[in-house]
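Going by our numbering, the sequence shown opens with residue 258, and the numbers climb by one from there. Below is one structure; the comments refer to it alone.
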Amino acid sequence: MRKKVLVHIISNLGIGGAETVLYQLLRRLSSEDFDHKVIYFHGGAFVEKIKKLGVPVYQVKGMIFTYDFVFFIRFFSLIHRLRPDCLHTVLWAANFLGRLATVFFGVPLVQALHNNQDQNGFLRKVIDRLSPEVAGPIVAVSDGVSNSVITHAPWIDKRKVCVIKNGIDAYEVKKNSDADIATRCELDLNQDHFVIGTVGRFEAVKNYSLLLTAFAVLYDKYRTERLVMVGQGSQENLLKQRAYHLGIEKEVIFITGQPGYRYYPLFDCFVMTSYKEGLSMALLEAMSFGVPCIVTSSEPVHDVLIHQKNGLVIPAGEPQLLADTIDLLARDKDLCLKLGKSAKETVERSFSLDSMVDGYSNLYKKTMTDWR
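Laid out in structure tokens, this is it:
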């Protein structure tokens with residue numbers, strides 16, 4: 258029986274949660290069922306990682322700028338040449354182009370939404386509203402993302418939206434960490450330091466300015482805290498300048514180009530200050546290590562954390578409150594242990610990689626069957 262050609266289209270292959278999910282799907286989906294191909298527009302660290310899996314990757318570029326006329330010719334010519342049995346698209350530009358490809362080639366499509374729909378700007382919303390409505394399911398990676406479709410994308414048929422939650426292999430993450438763990442000595446930290454950690458792209462949506470401001474407030478009071486920021490992105494220099502102007506540049510450690518799993522065991526707490534987040538893989542990974550987590554949120558209900566049960570959820574935009582909440586963990590070791598233990602149990606129970614992979618595999622097969 259011929260394997261089904263499954264073409265994954267993703268806007269970029271840099272460091273990020275959506276890219277990580279795609280990589281794990283390529284690793285875990287049955288090679289007996291699917292013949293994987295990957296199309297991407299912007300490169301990054303995952304290009305070489307996917308090549309090492311033996312999966313063909315194809316970059317589509319424009320001649321003058323990314324999405325020029327030549328880009329579209331190359332993109333549709335490549336789809337025609339690959340002859341997919343199903344398309345799986347990830348991130349906004351890929352989703353839009355996948356809808357066009359479905360119209361032109363009559364191929365089934367599975368779209369994945371990794372961010373809340375209110376993160377899309379005005380132009381993207383206009384394009385989405387005017388682009389063709391196509392059959393096929395839309396995957397939301399969390400209940401929050403699914404709800405954002407109802408609130409901010411009324412043109413989408415809500416019956417097409419299904420939730421497949423992001424998942425991780427906690428055992429594998431721990432195994433990788435044990436094999437390549439960073440030490441406090443390596444980062445010039447001692448046992449008396451209370452280490453606040455975060456992992457994510459250095460981009461505006463992560464709102465790291467809030468974290469730096471809160472850390473400055475806290476450090477001014479105790480002087481025993483250290484902040485470790487793991488990631489990379491366009492705002493790295495701006496964040497370093499912000500730390501300098503706050504007078505904390507020597508207490509903030511920036512780690513670039515390294516996997517987060519090396520550093521989770523060093524963290525006494527993990528903080529996520531994003532304006533909007535689909536379902537953070539870094540948060541799940543930190544929780545899997547039993548690290549107590551703090552998330553700032555504009556919504557009263559979080560997709561993963563329940564306040565005072567398996568983490569702390571506080572209103573966004575309040576640096577003093579964030580500083581006080583970190584301080585609470587620094588002074589209450591019993592609370593840290595309680596939240597960390599519950600966080601680890603939550604990931605193991607509700608956010609497994611196997612469940613995520615099975616969800617996508619079944620959805621691909623059902624989509625292709627229903628299309629016929």
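The C-beta atom is built at its ideal place from N, Cα and C for all residues, glycine as well.
Pairing VAL360 with HIS265, the inter-Cα distance amounts to about 17 Å. Put simply, the stretch 570-582 touches the stretch 458-475. At least three CB pairs are less than 8 Å apart. Within the stretch 318-351, the runs of alpha helix (DSSP H) that reach at least 4 residues and sit entirely inside it are, in chain order, 326-339.
Counting only unbroken stretches of 4 or more residues, the alpha helix (DSSP H) elements lying wholly within the stretch 271-311 are 274-285, 303-309, in sequence order.
In the three-state scheme derived from DSSP, where H, G and I count as helix and E and B as strand, LYS595 is classed as helix. In the structure shown, ARG480 adopts coil according to DSSP, grouped into three states. TYR315 has ILE296 as its beta-bridge partners, per DSSP.
If you draw a straight line from the Cα of LYS415 to the Cα of PRO394, it is about 10 Å long. According to the DSSP secondary-structure assignment, LEU569 is paired through a beta bridge with ILE551. In the structure shown, LYS422 falls within a coil segment according to DSSP collapsed to helix, strand and coil.
In this structure, DSSP gives LEU370 an extended state, which the three-state scheme calls strand. Listed in chain order, the beta strand (DSSP E) runs fully inside the stretch 476-528 are 482-487, 509-512, counting runs of at least 3 residues. DSSP places ILE438 in the coil class of the three-state scheme, outside both helix and strand. Rounded to whole angstroms, the Cβ separation of GLY535 and HIS371 is 4 Å, and the two are in contact under 8 Å. The residues LYS566, ASN567, in chain order, have a CB closer than 7 Å to that of SER599 in the same chain once the five nearest residues on each side in sequence are set aside. Excluding the 5 residues flanking it on each side, PHE328 has same chain C-beta neighbours closer than 7 Å at VAL317, LYS318, GLY319, in chain order. The C-alpha of GLN448 is placed about 42 Å away from the C-alpha of VAL420. Exclusion of the five residues before and after THR582 leaves ILE551, LEU569, ILE571 as the residues of its chain whose Cβ lies within less than 8 Å of its Cβ. Shown here, LYS261 sits in a strand according to DSSP, grouped into three states. Between TYR518 and GLU482, the alpha-carbon positions lie close to 21 Å from each other. Shown here for LEU469: same chain residues with a beta carbon closer than 8 Å to its own, the five before and five after excluded, namely LEU484, LEU496, ARG499, ALA500, LEU503, ILE505, VAL509 in chain order. Secondary structure of ILE266 (DSSP, three-state): strand.
Comparing alpha carbon positions, the residue from LYS478, ASN494, VAL614, ALA350 closest to ALA587 is LYS478. Taking each of THR513, THR553, TYR521, PRO516 in turn and checking the Cα distance to MET529, the smallest one comes out for THR553. Ranked by Cα distance from LYS463, the first of PHE332, TYR532, ILE438, VAL487 is TYR532. Membership of ALA392 in any beta strand (DSSP E) is not indicated, and neither H nor E is assigned to it by DSSP. DSSP places PHE451 inside the beta strand (DSSP E), whose first and last residues are 451-456. In the three-state reduction of the DSSP assignment, SER545 falls in the helix class, which pools H, G and I.
Inter-residue distance for SER466 and GLN492 is about 10 Å (C-alpha atoms, whole angstroms). DSSP places SER609 within a strand segment (E or B) once states are collapsed to three. The stretch 424-434 and the stretch 395-411 do not touch, with fewer than 3 CB-CB distances between them shorter than 8 Å. Spatial neighbours of VAL262 in its own chain (CB-CB distance under 7 Å, excluding positions within 5 residues in sequence) are listed in chain order as ASP292, LYS294, LEU339, ARG340, PRO341, ASP342. Per the coordinates, the alpha-carbon of VAL364 lies some 7 Å from the alpha-carbon of LEU344.
Looking at the DSSP output, HIS409 shares a beta bridge with no other residue. About 16 Å separates the CB atoms of PHE326 and ALA358; that is not less than 8 Å, and the two are not in contact.
Judged by DSSP secondary structure, ARG416 falls outside any alpha helix (DSSP H); it is assigned neither H nor E.
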